[in-house]
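Reviewing the structure listed below.
In this note's numbering, the protein residues as written are 8 to 679.
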């Protein structure tokens, strides 16, 4: 049982240096947005399968036509001439589906090193990767899979583009535009690149600083041509989806990512107004799920390529979403390669991480991760609010480890400098967030001590930064200061040898850009590995003071809940096993805190030595403010008699005695 005067330890600065990294935060937010959009659009749009209808064409024959052409007449019932006064528009304003649903299609896909079409009869059979017949468009159960391989053309090996020529026609119609009898109203042809040009990042040279001590220490960059190096990359998996429910489109305002897949009818036919036309079935070449890490660079060593194709259907809203997002990410990567970084920073790698998580993570674990990520964001905001509120309302330094706060400032500054040293891979939003964390820690320092600039006689630097107490320290505050010094003495005995050992290992075996980079990298590595040790002084102070009454319980609880959530992320996202185990380090601190909370129980109904009141404080205030009653038989309008004065004095004496006793004994008493 602790002595009655045992004060409470703070540990308020117990801020872990671990936790969810900014990149993981971006990935989590992207996951939440993606699945939110999927759910909302699925509920609003649903799966539409427009039915066909029949009409009479110009010759009087009954024909089957699409039913989703709105005011635009079906293609088979198109007029022979424009309406009186109508003007032909070479760019159609609105487009309606050309062929009815439930139409069987013949599909042939040919790979070629050129975008120029060649007669199908002359194409080597090996380069025909798809030859499917009677694929029914609009039949959602229709799905086909093709697996084959082909020889890689020499032009493609030399950084050329591999083109896919798509030949699609109504079943039984001619596919080859170069032969007689080809009817553009019953068939169409287009090309699409099967390779992607990805900019190679400039790699800054690193060196072993001990081996290169006689060389210049200036940062060297590999000699590269002006501008980014572009290499052709290939991914063997393709998903090709028909979009049967696209309906009438306003062609000029289509998103560019969507418009590239919309092919207007080749003859240039228009309706009676001359403004509207028709389009062939939309075939979406879905590269959204092609990860850069799965792509192979094409060069002379690649002689043969395999290809896997899934041919199916996709809802229109999903097509629009995937096409626009995919094109946006690719454009961001292209801009980053050319040095045109967006305002928020990043080069598209964050979204690659999101896709990798979606592809490689178990669906149940992924669902759990998405749910807890929402709680993580909420807890993070609550912890931030509670932390600020705690320090803003604090009136003394009892239980606070000032050195831990300064240590947090140092560690967060090291992380900020490390991010700056690797700024080509760091978003400006991440830098801003890290900078705000430093500002918050500096503000905490000002709430605990006064920061002054003092003369430093006899020193090389004429001035020094001094941390001075805001007031004369009480006995308990002096004890806190003493225990803080003891805790850090032992911490130095552990941390400094570890830091020196890590620095020696890194200097001998690792390569670095410069001595500055070596120092920052070594320090940040130590922060990530041993940063949790900064919380140990707070636990030591709690142990010596035999109290946890002054700890910001709410803020710490929110932070430690986030720590457990981070553990879940550690086992969701790919990383080395040792790093996963390292995420469990902060949990040890939390369990020690739980044990201390159990052992040093708090009576919340007492006023503690820090001026924080409980129920008694409110009772005393009511007693002190209670008006004095007049003696029996006396005139209430005159002063109270001797008996009333004595009663009043006794009440005041009791109140004074209780308040004085509370100030001496303190409020953190252990329950029996």
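We put the CB at the ideal spot given by N, CA and C, even for glycine.
| query | Of all the options 450, 270 and 567, which has the alpha carbon lying nearest to the alpha carbon of residue 191? | reply | 270
| task | Go to residue 376, then tell me how far its beta strand (DSSP E) extends in each direction, as first and last residue. | result | No beta strand (DSSP E) contains residue 376, which is instead part of the alpha helix (DSSP H) from 370–400.
| Per DSSP, residue 605 forms a beta bridge with which residues? | DSSP, once it has assigned bridges, lists no residue as partnering residue 605.
| Where the beta strand (DSSP E) through residue 151 begins and ends | Here the beta strand (DSSP E) through residue 151 covers 151–158.
| Going along the chain, which residues of its own chain have a beta-carbon closer than 8 Å to the beta-carbon of residue 86, five neighbours each way excluded? | 65, 80, 278 and 279
| query | If you run the structure through DSSP and keep just helix, strand and coil, what is residue 600? | reply | In the three-state DSSP reduction, residue 600 falls in the helix class (H, G or I).
| message | DSSP three-state label for residue 316, please. | response | When DSSP states are grouped into helix, strand and coil, residue 316 belongs to the strand group.
| request: For residue 319, collect the residues of the same chain with a Cβ closer than 6 Å to its Cβ; drop the 5 residues on either side in sequence, then sort them by chain order. | output: 150 and 248
| With 16 other Cβ atoms within 10 Å as the buried cut-off, status of residue 136 | buried
| request: May I ask you to report which of helix, strand or coil DSSP gives residue 181? | output: coil
| request: Output the distance between the C-alpha atoms of residue 545 and residue 532, rounded to the nearest integer angstrom. | output: Each residue's Cα considered, the two are about 23 Å apart.
| message | Are the CB atoms of residue 197 and residue 173 within a distance shorter than 8 Å? | response | yes
| Taking buried to mean at least 16 other C-beta atoms within 10 Å of its own C-beta, is residue 297 buried or exposed? | buried
| Cβ atoms of residue 117 and residue 98: under 8 Å apart, would you say? | no
| message | At the level of alpha carbons, what is the spacing between residue 284 and residue 152? | response | 33 Å
| query | In whole angstroms, what is the alpha-carbon distance linking residue 450 and residue 561? | reply | 20 Å
| said: Within 10 Å of its beta-carbon, does residue 744 have 16 or more other beta-carbons around it, so buried, or fewer, so exposed? | reply: Past the boundaries of the shown model lies residue 744; the chain is included only from 8 to 679, so the question cannot be answered.
| query | For residue 327 versus residue 289, is the C-beta distance shorter than 8 Å? | reply | no
| Among residues of its own chain, excluding the 5 on either side of residue 156, which ones have a beta-carbon nearer than 8 Å to its beta-carbon? | 311, 312, 313 and 314
| query | For residue 90, is the classification buried or exposed, using 16 other Cβ atoms within 10 angstroms of its Cβ as the cut-off for buried? | reply | Per the 10 Å Cβ criterion, exposed.
| If you drop the 5 nearest sequence neighbours on each side, which residues of the same chain put their C-beta closer than 6 Å to that of residue 547? | 494
| Length of the line joining the Cα atoms of residue 263 and residue 105 | 21 Å
| query | If you run the structure through DSSP and keep just helix, strand and coil, what is residue 359? | reply | helix
| query | Expressed to the nearest angstrom, what Euclidean distance is found between the alpha-carbon atoms of residue 509 and residue 490? | reply | Taking the straight line from one Cα to the other gives about 28 Å.
| Supposed close pair residue 543, residue 505 - CB separation, criterion 8 Å | In fact, because the Cβ distance is near 13 Å, the residues do not count as touching under 8 Å.
| field | Residue nearest to residue 459 in terms of C-alpha spacing, selected from 472, 465 and 466 | value | 472
| Opposing strand residues paired with residue 4 [DSSP bridges] | Beyond the ends of the chain as shown, which are 8 and 679, falls residue 4; an answer cannot be given.
| Going along the chain, which residues of its own chain have a beta-carbon closer than 8 Å to the beta-carbon of residue 52, five neighbours each way excluded? | Legend: pLDDT at residue 52 = 45, less than 50; position of this residue unreliable, no value from coordinates given.
| request: Could you have a look at residue 112 and say whether DSSP puts it in helix, strand or coil? | output: strand
| task | For the beta strand (DSSP E) containing residue 102, list its first residue and its last residue. | result | 101–104
| Of the residues 182, 166 and 120, the one placed nearest residue 138, counting alpha carbons only | 182
| Element boundaries [alpha helix (DSSP H), containing residue 508] | 482–516
| task | Please confirm if the segment 377–384 is in contact with the segment 567–574, defined as three or more CB-CB distances below 8 Å between the two stretches. | result | yes
| task | State the beta-bridge partners of residue 244 as determined by DSSP. | result | 315
| message | Are the CB atoms of residue 475 and residue 457 within a distance shorter than 8 Å? | response | It is a contact, given that the beta carbons lie within the stated cut-off.
| message | By DSSP's criteria, residue 214 is part of a beta bridge. Which residues make up the other side? | response | Residue 214 pairs with 519.
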